[in-house]
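The sequence shown lines up with residues 42 to 513 when you count with the numbering used here.
The C-beta atom is built at its ideal place from N, Cα and C for all residues, glycine as well.
Small disclaimer: the values here were computed from a predicted structure and weren't measured.
Report on one structure; see the data block that follows.
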Amino acid sequence: MSLQPNEASTETKPGGAISFPPGFVWGAATAAFQVEGATAADGRSESIWDRFAATPGAVVNGDTGDPAADHYRRYESDIGLMRELGLGAYRFSIAWPRVRPDAGAPNALGIEFYDRLVDRLLDAGIEPWATLYHWDLPQALEDKGGWAERSTAYRFAEYAETIASRLGDRVAAWTTLNEPWCAAMLGYANGLHAPGRTDPEAAVAAAHHLMLGHGLAMDVIRRHAPDTPAGITLNLYPVVASDPSSAADADAARRVDGLQNRLFLDPLLNGTYPEDIADDLEPFGLDHVVRDGDLAAIAAPIDLLGINYYRGYEVTGTPRPGTEPGGPEWIGARNLAFVSDNRLPRTDSGWQVQPDGLTTTLLQIHRDYPGVPLYITENGASYPDVLSEQGEVNDHDRIAFLDSHLRAAHDAIAAGVDLRGYFYWSLLDNFEWAEGYAKRFGLIHVDYQTQRRTPKQSANWLSRVISLNSIG
Ligand code: IFM
Numbered sequence: 042m043s044l045q046p047n048e049a050s051t052e053t054k055p056g057g058a059i060s061f062p063p064g065f066v067w068g069a070a071t072a073a074f075q076v077e078g079a080t081a082a083d084g085r086s087e088s089i090w091d092r093f094a095a096t097p098g099a100v101v102n103g104d105t106g107d108p109a110a111d112h113y114r115r116y117e118s119d120i121g122l123m124r125e126l127g128l129g130a131y132r133f134s135i136a137w138p139r140v141r142p143d144a145g146a147p148n149a150l151g152i153e154f155y156d157r158l159v160d161r162l163l164d165a166g167i168e169p170w171a172t173l174y175h176w177d178l179p180q181a182l183e184d185k186g187g188w189a190e191r192s193t194a195y196r197f198a199e200y201a202e203t204i205a206s207r208l209g210d211r212v213a214a215w216t217t218l219n220e221p222w223c224a225a226m227l228g229y230a231n232g233l234h235a236p237g238r239t240d241p242e243a244a245v246a247a248a249h250h251l252m253l254g255h256g257l258a259m260d261v262i263r264r265h266a267p268d269t270p271a272g273i274t275l276n277l278y279p280v281v282a283s284d285p286s287s288a289a290d291a292d293a294a295r296r297v298d299g300l301q302n303r304l305f306l307d308p309l310l311n312g313t314y315p316e317d318i319a320d321d322l323e324p325f326g327l328d329h330v331v332r333d334g335d336l337a338a339i340a341a342p343i344d345l346l347g348i349n350y351y352r353g354y355e356v357t358g359t360p361r362p363g364t365e366p367g368g369p370e371w372i373g374a375r376n377l378a379f380v381s382d383n384r385l386p387r388t389d390s391g392w393q394v395q396p397d398g399l400t401t402t403l404l405q406i407h408r409d410y411p412g413v414p415l416y417i418t419e420n421g422a423s424y425p426d427v428l429s430e431q432g433e434v435n436d437h438d439r440i441a442f443l444d445s446h447l448r449a450a451h452d453a454i455a456a457g458v459d460l461r462g463y464f465y466w467s468l469l470d471n472f473e474w475a476e477g478y479a480k481r482f483g484l485i486h487v488d489y490q491t492q493r494r495t496p497k498q499s500a501n502w503l504s505r506v507i508s509l510n511s512i513g
């Protein structure tokens, strides 16, 4: 177990060279539905993403979860690649529909896959970091109301029991949920993700039930793996007022921060929902779904908070041409909009590259929710990678992205933030949800026709950084 305290301060050398503290965890992440493929193998049942991807127009090019990166069959050689890169940890997610198809009885074949994966990782000297839920809800549960139904949180705890009782002796760190904001809001409010619902009331209920599921699963993990660090991963964004002197913009920033970040951080780390967004949430019945004892369950102590960082938001309280309505509008938050800073470069996903936002986010969490060890459990970028005839992917943009974000993470450590690790998203090119296979985030290029893997230049760069533990 290399979850050690951040005992040593970081070293900053003149000329910009930086090094990371001893024990810093270096990893890469994937998620089951995005890489495994083999959606019909060994008794796996349908998930909401299988159903959604089969819906005409839902996913770019009609792409589905097959073949993805065929990781279900190629995991051993993929672990070989991880080893060559020198990764210390691999963050993967477990597919609920493999482990308990249709949320019913445990499926031995599905469980054995994760058993083997964990063992082979340990054989390779790589820490297995397991996430229980990265969005692939069994469709059978969605047919009963999905996360909008309270009972789904209890089914999630049963599934957690199956996995934690089997792998609890070997997994190095657990996270219960990945990005519950996306699962709730993109899945149930704006319909961009599975299950494709556009019902804001269901989205708010889903957000609460996901967090309740987290709390119940924490209890299960504690019973089976009392000494293993456990927590949750949130997608967090620094939110700034477009015009800092405008009261309307400052208010819009407060509301977006509340609906995006604090809606999850506050119940998790303070045991309350943020009061200041009560008016925004009131029409959607949060009060009707929260029962006595829920907040205490959600606020069960965690050993780590995973932060997924991709970009920040600039918002205005006076929407106008050129600004984009966005996230909170799906749940009815009116009179605000997102502003694009066109001076910043963008990734292939259209996201602005904003490394300083990572430092800001880490510092804010450190200040507002002190005492929780932090890990960057995802950070990465899609670029239109080209595999050359020489068999190389010269992804200099991604190297620049990595360099700037690692420096930003280092700035936070130097300022006292207890940041203990960094996982690049993603190890492999994969199924990027509604974008299908069109966006490539991987350190390793995947040819989806042949399943040939080619480590990109960024993989070689990161590998060097890991071996030196520093950037020159
Ligand atoms: O691919 C996703 C991942 O599943 C969750 N976090 C963001 C990534 C890039 O969009």
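Return the CA-CA distance between residue i and residue j, expressed in angstroms with no decimal places.
i	j	result
A340	W90	29 Å
H407	D459	8 Å
L275	N435	31 Å
M42	G121	With a pLDDT of 30 at M42, under the threshold of 50, the modelled position of that residue is not reliable, and the figure given next carries that caveat. Looking at the two C-alpha atoms, the distance is approximately 21 Å.
I440	R124	20 Å
I59	I167	24 Å
A189	Y314	18 Å
I454	G312	27 Å
A235	E476	13 Å
P241	A374	11 Å
G432	E117	22 Å
A49	R448	Note that A49 has pLDDT 35, beneath the 50 cutoff, so the model's placement of it is unreliable and the number below is only indicative. Near 17 Å, if we compare the C-alpha coordinates of R448 and A49.
T491	G187	36 Å
W502	L218	30 Å
V66	R461	6 Å
A69	Y478	19 Å
E430	S445	29 Å
V76	P285	42 Å
L468	L233	24 Å
K54	N302	Note that K54 scores a pLDDT of 37, beneath 50, so its modelled location is shaky and nothing firm can be said.
T51	A130	Bear in mind that the predicted position of T51 carries a pLDDT of just 41, short of 50, making it unreliable; the figure below should be weighed with that in mind. Going by the C-alpha atoms only, they are around 21 Å apart.
V140	Q180	14 Å
I512	E419	19 Å
D397	P279	10 Å
V15	A224	No statement about residue 15 is possible, as the shown extent of the chain runs from 42 to 513 and does not include it.
P360	N376	6 Å
A319	R191	21 Å
S508	P63	12 Å
T80	W176	15 Å
H329	R92	29 Å
A338	L415	21 Å
Y155	V281	41 Å
R481	G78	16 Å
T402	F61	19 Å
Q9	L346	Residue 9 is absent from the structure shown; the chain starts at 42 and stops at 513.
A149	A243	33 Å
G209	L253	21 Å
G353	P362	21 Å
E87	E355	38 Å
Q395	D83	42 Å
D317	A293	12 Å
N47	E153	Note that N47 has pLDDT 34, beneath the 50 cutoff, so the model's placement of it is unreliable and the number below is only indicative. If you take the alpha carbons of N47 and E153, they lie about 35 Å apart.
L304	L385	28 Å
Less than 8 Å between the C-beta atoms of residue i and residue j, yes or no?
i	j	result
L399	Y350	yes
S134	T105	no
T203	P147	yes
G391	A378	no
G256	T96	no
P169	A136	no
D409	G358	no
P267	A248	no
A271	I348	no
A201	I262	yes
H486	L428	yes
V100	A94	yes
L327	P308	no
Going by DSSP, name the residue or residues bridged to residue i.
i	result
Q518	In the structure as shown, the chain starts at 42 and stops at 513, and residue 518 therefore has no counterpart that could be examined.
L345	G272
A130	G68, E168
E316	Answer is none; E316 lacks a bridge partner.
P396	Beta-bridge pairing links P396 to no other residue.
T357	A378
Y174	L218
A282	V356
Completely contained alpha helix (DSSP H) runs for the region 414-497, where each covers 4 or more residues: Listed in chain order, they are 437-455.
Length-filtered (3 minimum) beta strand (DSSP E) runs lying within the region 199-259: Counting only unbroken stretches of 3 or more residues, the beta strand (DSSP E) elements lying wholly within the region 199-259 are 214-219, in sequence order.
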